[in-house]
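Colleague:
Residue numbers (mature numbering (1 follows the signal peptide of the UniProt record, and there is no 0)): -22 to -1, 1 to 269.
#1: Can you tell me where the beta strand (DSSP E) with residue 139 in it begins and where it stops?
#2: Would residue 95 be called buried (16 or more neighbouring beta carbons within 10 Å of its own) or exposed?
#3: Taking the DSSP output, what are the residues bridged to residue 56?
#4: Quick one: what's got a C-beta closer than 6 Å to residue 242's C-beta in the same chain, skipping five residues either side?
#5: On the DSSP letters alone, give me the boundaries of the beta strand (DSSP E) that residue 42 sits inside.
#6: Just verifying my parser: in three-state terms, what is the DSSP assignment at residue 124?
#7: Would you report the Cα separation of residue 182 and residue 147, rounded to the nearest angstrom?
#8: With a cut-off of 8 Å on the beta carbons, I'd call residue 54 and residue 48 a contact; round off their distance for me.
#9: Just checking, does the region 132 to 139 make contact with the region 232 to 246 on the three C-beta pairs under 8 Å criterion?
#10: Does any residue of chain B have a CB that is nearer than 9 Å to the CB of residue 87?
#11: Spatial neighbours of residue 304 within its chain, please: C-beta separation below 6 Å, excluding the five flanking residues on both sides.
#12: Does DSSP put residue 36 in a helix, in a strand, or in coil?
#13: Classify residue 206: buried if its beta carbon has 16 or more other beta carbons within 10 angstroms, exposed otherwise.
#14: Could you give the DSSP three-state label for residue 13: helix, strand or coil?
#15: Comparing alpha-carbon positions, which option in 32, 212, 72 and 97 lies nearest residue 253?
#16: Do residue 141 and residue 109 come within 9 Å of each other at the CB atom, strictly closer than that value?
#17: Under the rule that 16 or more other beta-carbon atoms within 10 Å means buried, what is residue 67, buried or exposed?
#18: For residue 151, does the three-state DSSP call read helix, strand or coil?
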């Protein structure tokens, strides 16, 4: 009888232990609504940005410059500040225009380049450039931009500049102004231009017009592929035009994003009120090294 009681007690203790263990495991496995269900330690990993290109293998490219424009980064950009008026556009009623630092701002993850009518024939614009901060030779540039209103008398531009493009040698080997695009027209097209040998008597320019469907509505992606043999222009991932030979720089260049007084010849600037403005918005700019 005593032995039976001992066995019963042992059995009851084992049963209680088993119940407690199961209950404990079940409770620990529950997930609080405020807890992360999966925590694999990679929350801070940012996906690597890929270029928007439809006909080029970019799998081995390395991102070497990026700005998503959450705020001004003085290690990447300088804000333009004109000491004197830039080239007048009397045909559309703009006799003076200037780049002003206060016309550069940041909003909703965008670089904002404001063009404002500040006088009857005076326009203030915005621009940033990377001279002495980021310069490179060869790569792929991509920028997502919503252009400023062209009928206002403003063009939006993505371009590069070489420090020594003023040297005259009959080529752009020592530097060029590369205008990936300048949105100076009111129809659904734009133009790319490469300038070499400075801006004086020896200046030469190669202008290419290309269709840009929807350019005046919303964001579009503008690209430049630059290697030792060519410059290729892309719009929303599609190839537009190509430069070769003397037009291809063989030295480092720097980036430029800006608005300016338009040279397209069509605008109603004179009908606008002082204080009226238009804005270009840049969502991002990236530069990849091509391997």
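Where is the CB? At the ideal position from N, CA and C, for every residue including glycine.
Modeller: Put simply:
#1: Run containing residue 139: 132 to 139, per the beta strand (DSSP E) assignment.
#2: Buried, because 16 or more other Cβ atoms sit within 10 Å of the Cβ of residue 95.
#3: Assignment of beta-bridge partners to residue 56 by DSSP yields 107.
#4: Within the same chain, Cβ atoms closer than 6 Å to the Cβ of residue 242 are found at 162 and 163, the five residues on either side in sequence being excluded.
#5: Its beta strand (DSSP E) spans residues 40 to 45.
#6: Residue state, collapsed to three classes: strand.
#7: Distance between residue 182 and residue 147, taken at the CA atoms: about 11 Å.
#8: Not quite, the Cβ-Cβ distance comes to about 12 Å (not below 8 Å), so this is no contact.
#9: They touch, by the three-pair rule.
#10: No chain B appears in the structure shown, which is made up of a single protein chain.
#11: Shown here, the chain extends from -22 to 269; a query on residue 304 therefore has no answer.
#12: Taken through DSSP and simplified to helix, strand or coil, residue 36 comes out as coil.
#13: Around the beta carbon of residue 206, fewer than 16 other beta carbons lie within 10 angstroms, which makes this residue exposed.
#14: The predicted position of residue 13 is uncertain, since its pLDDT is 37 and thus under 50; no value can be drawn from it.
#15: Ranking the options by Cα distance to residue 253, first place goes to 97.
#16: Their beta carbons are under 9 Å apart, which means residue 109 touches residue 141 by this criterion.
#17: By the 10 Å Cβ count, residue 67 comes out buried.
#18: Assignment of residue 151 by DSSP, reduced to helix, strand and coil, places it in the coil class.
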